[in-house]
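So for the sequence shown, full-length UniProt numbering puts the first residue at 1; every next one is plus one.
Note that beta-carbon positions come from the ideal geometry of N, C-alpha and C, so glycine has one too.
To start, the structure under review is shown below, and the notes come after it.
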Amino acid sequence: MNNSSIERTITYAVLILAAAFALYPMLVILFTAIQPESIGASGVDFGNFATAWDRGNFGTYLKTSVIVTVSVVILSTLLACLAGYAFGTMRFRGSSVLFYLLLLGLMVPSEAIVIPLYFGFQELDLLNSYPALIFPQVAQSLAFGTFWMRAYFRSSQAEVVEAARLDGAGHFRIFWSILVPMGRPAIITMMVLVFMWTWNEFLLPLVMVPTEESMRTAPLGLATFQGQYTSGTALLAAGAVLVALPVIVFYIFAQRHFIRGMVEGSVKG
1 MNNSSIERTI TYAVLILAAA FALYPMLVIL FTAIQPESIG ASGVDFGNFA
51 TAWDRGNFGT YLKTSVIVTV SVVILSTLLA CLAGYAFGTM RFRGSSVLFY
101 LLLLGLMVPS EAIVIPLYFG FQELDLLNSY PALIFPQVAQ SLAFGTFWMR
151 AYFRSSQAEV VEAARLDGAG HFRIFWSILV PMGRPAIITM MVLVFMWTWN
201 EFLLPLVMVP TEESMRTAPL GLATFQGQYT SGTALLAAGA VLVALPVIVF
251 YIFAQRHFIR GMVEGSVKG
């Protein structure tokens, strides 16, 4: 066996071990979710998902999470693309200062601002509402999104942009007709990350939705369900699968562009 074969074997072995390490907890949860809830029963019980759905009110929680997450992803993507284009292709006074000021959003933890946000939205009478869940998360995602898209727009092909300008294209046409289609992998990568972060957010909904049960998101609803069924491990596992399923489905559909965007970002970085 030559050196290349040995290296290939070691690489595959490491990848298989890493995949097993990552998949083992998920398989355990999935296996637990289909176990019969009754003590001493055997076989599988897919009815645990329907039971958890009904008892845990996951239909309402998932609806709220979908509305909040989709709104955050759309607004964050739009604003991040516009800001990234401005910082990546335009030169104006104070651009560097504004950009690094925006990057402070990456350094401030959400725990440090959630209490001021609570009192601010309380003064505006917006607690237990969609704006209280959407706007703070858009602001949190905007710093990373701008940083990510600025890196893409700065590394985009300058000759293509110059050729478009010579043809009379303005900023909007260059942005919308040329750079956005070319940057689809980078944009989808950002959307997947923002989707996962927003869907899994727990602290902000916990603080911003203190009383209205119908406004609870899926992770917050799962925590409530856990408090009600601490001994029902199968139902808890079924609820966890229901909460995680939308993220998995979204990633499966976007994985090709997500991986391409991550690879291109690492190469350009």
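Check	Outcome
Going by the beta-carbon positions, is the gap between A52 and A238 smaller than 8 Å?	yes
Shortest alpha-carbon distance to K63 belongs to which of L193, D167, A218 and T211?	A218
Less than 8 Å separating the beta-carbons of V66 and L133?	no
Taking its Cβ as the centre, do 16 or more other Cβ atoms sit within 10 Å of A33, making it buried, or is it exposed?	buried
For S214, which of L127, T89 and T77 has the nearest alpha-carbon?	L127
Measure the C-alpha to C-alpha separation of A164 and P181 and round it to an integer number of angstroms.	14 Å
Could you tell me whether the stretch 163-177 touches the stretch 99-107, where touching means 3 or more Cβ pairs closer than 8 Å?	no
Confirm, please, whether the CB-CB distance from V138 to V70 is below 8 Å.	no
Taking only three categories from DSSP, how would you classify T69?	helix
From I252 to R93, what does the alpha carbon distance come to, in whole angstroms?	43 Å
Ignore the nearest five residues each way along the sequence and tell me which others in A143's own chain have a CB closer than 8 Å to its CB.	L102, L103, L104, G105 and L106
Is it buried or exposed for W199, if we count other Cβ within 10 angstroms and need 16 for buried?	buried
Take the Cβ of L242 as the centre, count every other Cβ of all protein chains shown within 10 Å, and call the residue buried at 16 or more, exposed below.	buried
Measure how close the beta-carbons of V194 and S110 come, nearest whole angstrom, since I'm counting them as under 8 Å.	Not really, about 14 Å apart at Cβ, beyond 8 Å.
Please check the pair Y61 and G183, which I expect to be a contact at CB under 8 Å, by giving their CB distance rounded to whole angstroms.	That pair is no contact at about 34 Å.
Look up A244 in the DSSP assignment and say whether it is helix, strand or coil.	helix
For P36, which of helix, strand or coil comes out of DSSP?	coil
When we look at the beta-carbon of W148 and count the other beta-carbons within 10 Å, is it buried (16 or more) or exposed?	buried
For S141, collect the residues of the same chain with a Cβ closer than 6 Å to its Cβ; drop the 5 residues on either side in sequence, then sort them by chain order.	S76 and V194
Based on Cα-Cα distance, which residue from P131, F225 and M90 lies nearest to A240?	F225
Within a Cβ cutoff of 6 Å, which residues of the same chain sit near G84, ignoring the five residues on either side of it in sequence?	T146, M149, R150 and F153
Where do the ends of the alpha helix (DSSP H) carrying I188 lie?	R184 to N200
Does the separation of the CB atoms of V209 and V114 fall below 8 Å?	no
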